[in-house]
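Chains as they are written, first to last, in the numbering used here: chain D, 28 to 336; chain F, 19 to 285.
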Amino acid sequence: MGEEFVAISLTPMLIGTLAAIACALPGNFLLLRRQALIGDAISHVVLPGIVVAFLITGVVAAVPMMLGAAGAAVVAVVMIEAIRRLGKIEPGAAMGVTFTAMFAGGVLLLEQSDTSTVHLDVEHALFGNLESLIWLDATGWASLLDLEALAYLPVELPRLFGVLLVVALFTWVFWRPLKLSTFDEGFAQSMGIRTGPLGFTLVIVAALAAVAAFDAVGSIIVIAMFICPPAAARLMTNALGAQVAWSVLFATLSAVLGYVFAGYGPLWFGADNAVSAAGMIATVSGLILCFAAVFGPHRARSGAPAEAL
Amino acid sequence: MTQIELATSNGTRMAETSDDAALAIRGMTVSYGQKPAVFSVDMTVPVGSMTAIIGPNGAGKSTLLKAALGVIKPLAGTATVFGQPVADARARIAYVPQRASVDWDFPTRVIDVVLMGLYRELGLLGRLRGAHKAKAMECLERVGMQDFATRQIGQLSGGQQQRVFLARALAQDADLYLLDEPFAGVDAATEKAIIDVLQSLRADGKTVVAVHHDLSTVPDYFDRVFLINTTRIAEGTVEDAFTPQTLQEAYGGRLATGQLGQTALGA
């Protein structure tokens, strides 16, 4: 059991968890800033960027993919502004059109290009390739201490670990300015906090998490993890620190339970085949949000004034 | 009324150079679109004074304050605080934004909002100590909100929210307090609590500038007024600048002449 688990299940589970937490952390602030759809946007927009980067370089590598994604983000911003101004369309609609159009363009590009030799197709863009991120060199738990076997860990694992470290460090160091500028931007600016660059950095960090996670687990998990764990966490507490902690817990639960349910769930119900882990992880995160919405202790929005003093 | 005095009864000087003014704004121009919201405005606030910025809706009152603080980027103009550029004097400025400008559903408690006033002092990772919390509690006591310290901010009434914002400004321990509509939509008890705090600040030699909309309380609460309607209409002590003529000029037909007379003369 241990041998099979470490080789087949441990790394995808860990990668899913790291990706989920890396997206959920910035998701907390994006949610409170009413920018939660940025995660959605990024994961759609990066597809054509990644495909173009692949067409130019001919390899699926981290740096060209990041550059391609960044380039696509710039194109998206310009397109949104152009549609908004020339078409006199409200910003939300301009964004919706841009993201779906760019994703669709990415799909067309994918079909026209020869990506059959690499893990780059529409299915992978949506669902990732979590199940294939296995650690064949592992022979059991002891392999975790075996340097030779560790060298053959799927590359996504250390990469996502590094990205999570960057995201967590950013959240920790800039906690106060992030909290203050999210709550009261004018006051933050009056104190000398540069809220513009800070908000931009937050989006960059979110994009970093989205692109790294997109590569490993696909866009469905990215979209779900930016919104579901933080939204469920908000219903559990009225303190920002606790909300972030809950969101990490929910992201972890979604990844682990989702992976287990996808692998073994259908068997429990007598079906023969496992289902998509990415789809199940996103589904579990949605279910957690449902439970929080029904049973969460702080689901009542208390914006209405209480009794006057 | 026609005689302009150089010193008022409480000793604030009329004519100040921008060097020793608590706040000096020169040539401030701000535009949101085609039309300027604030046009070429000069303002001089003497140290130790209490000034009301008044004018009709959309006259640029809040905009002037935000532009002076650098919250809005002006097209032109400068602001100095105690003779220094605003960017170098931030530690001496406390700011109370409009209550409606923030999301009161934000997951945080009353005491945490007050502690935000200490973020400059704390820096990015400076440890929050007992002394900081004690200071925040003391500021809450000054506005009568000490019993609400651990409440979620969404549970407060409008007046209570305004007091918490004032407590946060007190925690900033500044010399110049800039308040945007501190009395908007608050109950009578809160209005009294706020004006008491502001007057005690002035008694301590601090300078207070507030965007204000209730003309009837101007003579009671403030010693100076600044009338604005995109451009500066009048500036000076209440008795010099708060007259039916200047009000008529600022508000135009929007205020009945009788009301103007009552407001200004009934002081």
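Each residue gets a CB set at the ideal place from its N, CA and C atoms; glycine is no exception.
Contact set between residue i and chain D, taken where Cβ atoms lie within less than 7 Å
i              : result
G88 (chain F)  : Q216
Y137 (chain F) : R203, L207, M218
Distance between beta carbons of residue j and residue i, contact taken as under 8 Å
i              : j              : result
T222 (chain D) : E212 (chain D) : 5 Å
Q116 (chain F) : D198 (chain F) : 5 Å
A259 (chain D) : I308 (chain D) : Not quite, the Cβ-Cβ distance comes to about 14 Å (not below 8 Å), so this is no contact.
T62 (chain F)  : F240 (chain F) : About 15 Å separates the two Cβ atoms, so there is no contact after all.
P92 (chain F)  : T126 (chain F) : No, P92 (chain F) and T126 (chain F) are not in contact; Cβ-Cβ is about 31 Å, not under 8 Å.
V302 (chain D) : L284 (chain D) : Not quite, the Cβ-Cβ distance comes to about 13 Å (not below 8 Å), so this is no contact.
P257 (chain D) : G95 (chain D)  : Contact doesn't hold; Cβ gap of about 28 Å is too wide.
I71 (chain F)  : I213 (chain F) : Actually they are not in contact, since the Cβ atoms of I71 (chain F) and I213 (chain F) sit about 16 Å apart, beyond 8 Å.
F188 (chain D) : I247 (chain D) : Their Cβ separation, rounded to whole angstroms, is 22 Å, which puts F188 (chain D) and I247 (chain D) out of contact at 8 Å.
T248 (chain F) : G78 (chain F)  : 5 Å
A243 (chain D) : E158 (chain D) : The Cβ separation is near 11 Å, so there is no contact.
I110 (chain D) : A99 (chain D)  : So it is not a contact: roughly 16 Å between Cβ atoms.
V238 (chain D) : M92 (chain D)  : 7 Å
V194 (chain D) : A236 (chain D) : 5 Å
A34 (chain D)  : W162 (chain D) : 6 Å
V73 (chain D)  : L137 (chain D) : About 13 Å separates the two Cβ atoms, so there is no contact after all.
Nearest neighbour of residue i, chosen from the options [CA to CA]
i              : options                        : result
G101 (chain F) : F:L82, F:R127, F:D38           : F:D38
T96 (chain F)  : F:K153, F:D238, F:G141, F:S58  : F:S58
A86 (chain F)  : F:M134, F:E267, F:T168, F:Y195 : F:Y195
S274 (chain D) : D:D242, D:I35, D:F56           : D:F56
D193 (chain F) : F:S67, F:K84, F:V243           : F:S67
K153 (chain F) : F:T249, F:V131, F:G254         : F:V131
R186 (chain F) : F:T225, F:G88, F:H150          : F:H150
F244 (chain F) : F:D214, F:L82, F:V99, F:D165   : F:L82
R44 (chain F)  : F:A94, F:T248, F:A107          : F:A94
A112 (chain F) : F:T208, F:F183, F:G162, F:G254 : F:F183
T235 (chain F) : F:Q173, F:F260, F:G254, F:S119 : F:F260
I254 (chain D) : D:A63, D:F201, D:D148, D:A88   : D:A63
L276 (chain D) : D:F296, D:A233, D:A49          : D:A49
V104 (chain D) : D:A88, D:V87, D:V124           : D:V124
L188 (chain F) : F:F166, F:L174, F:R220         : F:R220
S119 (chain F) : F:E156, F:D106, F:Q179         : F:Q179
A107 (chain F) : D:V232, D:G226, D:A282, D:S217 : D:S217
S140 (chain D) : D:M122, D:V86, D:Y179          : D:V86
G135 (chain F) : D:V200, D:A266, D:A68, D:G219  : D:G219
T38 (chain D)  : D:F214, D:L171, D:L235         : D:L171
H151 (chain D) : D:G245, D:A68, D:N265          : D:G245
Y269 (chain F) : F:N75, F:V104, F:R160          : F:N75
A176 (chain D) : D:L184, D:V182, D:T166, D:E183 : D:T166
D205 (chain F) : F:G141, F:T225, F:K224, F:G176 : F:G176
V190 (chain D) : D:V149, D:A51, D:F32, D:S36    : D:A51
F322 (chain D) : D:T264, D:A269, D:G306, D:W295 : D:T264
R203 (chain D) : F:L143, F:A105, F:V256         : F:L143
A55 (chain F)  : F:P103, F:S80, F:A211          : F:S80
P237 (chain F) : F:I251, F:V256, F:V226, F:P64  : F:V256
E159 (chain F) : F:A228, F:A42, F:Q266, F:A211  : F:A211
G132 (chain D) : D:D148, D:P118, D:A289, D:E117 : D:D148
Closer than 8 Å at the beta carbon, the chain D residues around residue i
i              : result
I111 (chain F) : S217
Beta-carbon neighbours of residue i, restricted to chain F and to distances below 7 Å
i              : result
V232 (chain D) : Simply none; closest approach about 16 Å.
Interface partners of residue i on chain D, CB under 9 Å
i              : result
L41 (chain F)  : Going along chain D, no residue has its Cβ under 9 Å from L41 (chain F), so there is no contact; the nearest lies around 13 Å.
L142 (chain F) : V200, F201, W202, R203, P204
Q170 (chain F) : N265, A266, H325, S329
M134 (chain F) : R203, K206, L207, F210, D211, F214, A215, M218
K84 (chain F)  : G213, Q216, S217
TODO: Determine which residues of the region 260-285 of chain D have a Cβ less than 7 Å from any Cβ of chain F, and write them out in chain order.
DONE: R261, T264, N265, A266, L267, Q270
Open item on the list: For a minimum of 3 consecutive residues, which ranges assigned as the beta strand (DSSP E) are wholly contained in the region 249-287 of chain D?
Closed with: none
Open item on the list: Could you tell me which whole beta strand (DSSP E) segments of length 3 or greater appear in the region 171-223 of chain F?
Closed with: 194-198
Open item on the list: Using a Cβ-Cβ cutoff of 9 Å, what residues of the region 113-129 of chain F are near chain D? List them in chain order.
Closed with: Going along the region 113-129 of chain F in chain order, one finds Y113, V114, P115, Q116, S119, V120, D121, W122, D123, F124, P125, T126, R127 with a Cβ nearer than 9 Å to chain D.
Open item on the list: Which residues of the region 93-109 of chain F have a Cβ closer than 8 Å to any Cβ of chain D? Give them in chain order.
Closed with: A105, R108
- [ ] Pull out every residue of the region 202-215 of chain D whose Cβ sits closer than 9 Å to any Cβ of chain F, in chain order.
- [x] W202, R203, P204, K206, L207, T209, F210, D211, E212, G213, F214, A215
Open item on the list: If we require 3 or more residues per run, which beta strand (DSSP E) segments fall completely within the region 40-89 of chain F?
Closed with: 54-64, 68-72
Task: Cβ-based contacts, 8 Å cut-off: residues of the region 45-65 of chain D near chain F - done: Listed by position, the residues of the region 45-65 of chain D near chain F (Cβ gap below 8 Å) are L59.
- [ ] May I have a chain-ordered list of the alpha helix (DSSP H) segments no shorter than 4 residues that lie completely inside the region 111-160 of chain D?
- [x] Counting only runs of 4 or more, we get 118-139, 149-154.
Open item on the list: What are the residues in the region 182-203 of chain D lying within 9 Å of chain F by C-beta distance?
Closed with: W199, V200, F201, W202, R203
- [ ] Pick out the complete alpha helix (DSSP H) segments inside the region 146-173 of chain F, 4 residues or longer, and give them in chain order.
- [x] 148-160
Open item on the list: In chain order, what are the residue ranges of uninterrupted alpha helix (DSSP H) at least 4 long that sit wholly in the region 230-276 of chain F?
Closed with: 236-239, 256-259, 262-269
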